[in-house]
């Protein structure tokens, strides 16, 4: 009796499972069949105008600086400047005591009082004068040092007006001559980008790398910037009209070979392409795709040629 009941129960369970399996809806079957597929996003290949952006690096330089040195042999006195000190044009920053005055000072006390003033007038200390307004950049000597004629004592730089200099490849010279503004952004220094005017182009070409030095004027009234800072320089280059453009995330690069994935029905097709202008968010494509085709813009690096996908925004 027990064996008979057990067989009936097993048959009943099998019938229930079969009925449930046959009752699965088409929507449920579709969901089950696509659950393992990769979901991607696409964007159309469009025709539009695109302008190349020329980018180079530059550095900040002093526009006005002075090396202050001694015009005579002697001993440096009354000099207390340190790097970072500010000086004014015409300010006395020290004195040079000539050897003759040193000898006079040693013997002056032994001379009659009425001749001392005349002797001091004849052999005077020589004032050391700052030729420009600026900040002390480097100190080569200190009070008490013996210096020779022409020997440099201190370097002074004017930080209020600086230059940005960069090396521009010669192929861009015709373009930059027609450029009104160049965008400058500092590397590793938190400051908003600035639009600056081109001041000059060097009359000489660097033969080793075929570049010409360009110079921009950088106003610096608050002395925010310093010589040696690295700057990115950018300006508009050539313009291509009615060219093919895709979003930058769609472009793949492996060992110098560029490609995209194009959507064909529910599958993807890998295409090798030739990129043109590259911008942060867009890429010009010279060959490999056609207008209005859909390229994969998301999770493209996870795809293989011929893979079936689910399109999220189709």
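Residue numbers (the numbering used here): 2 to 315.
Where is the CB? At the ideal position from N, CA and C, for every residue including glycine.
Item, Value
"Helix, strand or coil for residue 276? Go by DSSP, reduced to three states.", "strand"
"Pick from 292, 71, 64, 144: whose alpha carbon is nearest that of residue 244?", "292"
"Which runs of the beta strand (DSSP E) fall wholly inside the region 161 to 211 and span at least 3 residues, in chain order?", "183 to 187, 195 to 197, 199 to 207"
"Sorted by chain position, which residues of the same chain lie with C-beta nearer than 6 Å to residue 313's C-beta, five sequence neighbours on each side aside?", "40, 42"
"Between the Cα of residue 132 and those of 304, 253, 90, 275, spot the shortest distance and give me the residue it belongs to.", "90"
"CB residue 221 to CB residue 163, shorter than 8 Å?", "yes"
"Return the chain-ordered list of same chain residues with a C-beta closer than 6 Å to the C-beta of residue 304, the five sequence neighbours on each side being excluded.", "262, 269"
"Tell me whether residue 190 is buried or exposed, calling it buried when 16 or more other Cβ atoms sit within 10 Å of its Cβ.", "exposed"
"Any chance the region 131 to 149 sits against the region 172 to 184, with 3 or more Cβ pairs inside 8 Å?", "no"
"Considering only C-alpha positions, which residue in the set 264, 285, 273, 267 is nearest to residue 256?", "273"
"Residue 72 to residue 125, Cα distance in whole Å?", "14 Å"
"Specify, as a first and last residue, the run of the beta strand (DSSP E) that residue 51 falls within.", "47 to 70"
"In whole angstroms, what separates the C-alpha of residue 152 from that of residue 70?", "5 Å"
"Do you know offhand how far residue 55's Cα is from residue 236's?", "5 Å"
"Is any beta-carbon of chain C found at less than 8 Å from that of residue 65?", "Checking the listed chains, one finds no chain C in this structure; it contains a single protein chain."
"Suppose you measure from the CA of residue 225 to the CA of residue 212; what does that come to, to the nearest Å?", "29 Å"
"With C-beta atoms as the reference, is residue 160 less than 8 Å away from residue 136?", "yes"
"On the three-state DSSP scale, how would you describe residue 222?", "coil"
"With DSSP as the reference, label residue 100 as helix, strand or coil.", "helix"
"For the beta strand (DSSP E) containing residue 37, list its first residue and its last residue.", "That residue, residue 37, is in no beta strand (DSSP E); it is neither H nor E in DSSP."
"Put residue 301 into one of helix, strand or coil per three-state DSSP.", "helix"
"Here's the rule I'm using: 16 or more other beta-carbon atoms within 10 Å means buried, otherwise exposed. How should residue 144 be labelled?", "exposed"
"Taking its Cβ as the centre, do 16 or more other Cβ atoms sit within 10 Å of residue 150, making it buried, or is it exposed?", "exposed"
"Considering only C-alpha positions, which residue in the set 67, 61, 172, 258 is nearest to residue 289?", "258"
"Exposed or buried, residue 248, counting other C-beta atoms within 10 Å across all chains shown (16 or more means buried)?", "buried"
"With DSSP as the reference, please indicate the residues paired to residue 262 in a beta bridge.", "271"
"Rounded to the nearest angstrom, how far is the Cβ of residue 97 from that of residue 75, given a contact under 8 Å?", "4 Å"
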